[in-house]
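Visitor: Quick note: the sequence shown uses the numbering used here, first residue 6, plus one each step.
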Amino acid sequence: MKHTVYGIALAVLAALAVAAVLGISGKNVRKNEMETALNTAIEQSLEQLKMEKSGNGKGLRSYQELIADFNGLLLAQIESDSELQVEILTADVEKGILDVRITQRYQTILGREREAVCRKSVILEEYSGKKEYHTVTFLVDGEIYSSYSLYGGGKIIQPKPPQREGKVFQYWSKQGEHQECALEQMTAEDDLILEAVFR
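(1) By the three-class DSSP mapping on this structure, what secondary structure does Q49 have?
(2) Measuring only the C-alpha atoms, how far is E189 from P164?
(3) Whole angstroms is fine: what's the gap from T192's alpha carbon to K160's?
(4) Going by DSSP in three states, T9 sits in which element: helix, strand or coil?
(5) From G116 to A73, what does the alpha carbon distance come to, in whole angstroms?
(6) Have a look at E194, P166, L103 and R119 and flag the residue whose alpha-carbon is nearest the alpha-carbon of V202.
(7) How big is the Cα-Cα spacing for L43 and Q184?
(8) Touching or not, the stretch 76-90 and the stretch 7-17, by the rule of three or more beta carbon pairs under 8 Å?
(9) The alpha helix (DSSP H) spanning A81 covers which residue range?
(10) Does R204 come out as helix, strand or coil in the three-state DSSP assignment?
(11) Excluding the five sequence neighbours on either side, which residues of its own chain have a C-beta within less than 6 Å of the C-beta of D104, listed in chain order?
(12) Residue range of the beta strand (DSSP E) that S126 falls in?
(13) Between E120, E200 and R124, which has its C-alpha nearest V145's C-alpha?
(14) Report buried or exposed for R204, applying the criterion of at least 16 other Cβ atoms within 10 angstroms of its Cβ.
(15) Assign A46 to one of two classes, buried (16 or more other C-beta atoms within 10 Å of its C-beta) or exposed (fewer than that).
(16) Secondary structure at L115, three-state DSSP: helix, strand or coil?
(17) Buried or exposed for Q109, going by 16 or more other Cβ atoms inside 10 Å?
(18) Report buried or exposed for H139, applying the criterion of at least 16 other Cβ atoms within 10 angstroms of its Cβ.
(19) Just the Cα atoms here: how many angstroms apart are A187 and Q82?
(20) If L71 and V141 are in contact, beta carbons under 8 Å, what's the gap, nearest whole angstrom?
Next up, the structure:
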């Protein structure tokens, strides 16, 4: 009798281990499928846009046509049984930019609901070569508080005001100048380092 109970317990543990392995590998397979499908769909739709911009196609497509082409290419790549949510975060036909996040909801072998998310942003090389990136760095007490890159001519966005014990944040100033910068009116024309001024 002991051996039978022991055998059943081992069989249940083995089944749970197999289910766990299948669940983990299933998530990895779905994530890989999503990444491959997203890469292929974005690159093919932007490649078609590039051909049309260079005069080899029927003319410049609209925003809706770019999205429709992308969706068709994406759905042709996804073969797994799941619910797919596609979010177009940025789609700019003029600049050749496409930023997409997809969320895939599916059921595991044990019937549990799971979700996998994948995001990709692509900029056509033609456009990215036209403008340079500039880095904007915000310093507090000589240490980096915030830093980001943006295209030349891009609007500078202030980070959340820093805090320092016993002091009140006043403004951002160009490094070494100690004069207030009107950041809401500034654009990135070169790399920029700004320092926090407290009183």
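From the three backbone atoms N, C-alpha and C, an ideal C-beta is built for every residue, glycine too.
Guide: On the basis of the supplied data:
(1) helix
(2) 12 Å
(3) 4 Å
(4) helix
(5) 33 Å
(6) P166
(7) 47 Å
(8) no
(9) Y68 to Q82
(10) coil
(11) L94, T95 and S126
(12) E118 to I128
(13) E200
(14) exposed
(15) buried
(16) coil
(17) buried
(18) buried
(19) 48 Å
(20) Going by Cβ atoms, the distance from L71 to V141 rounds to 30 Å, so no, they are not a contact pair.
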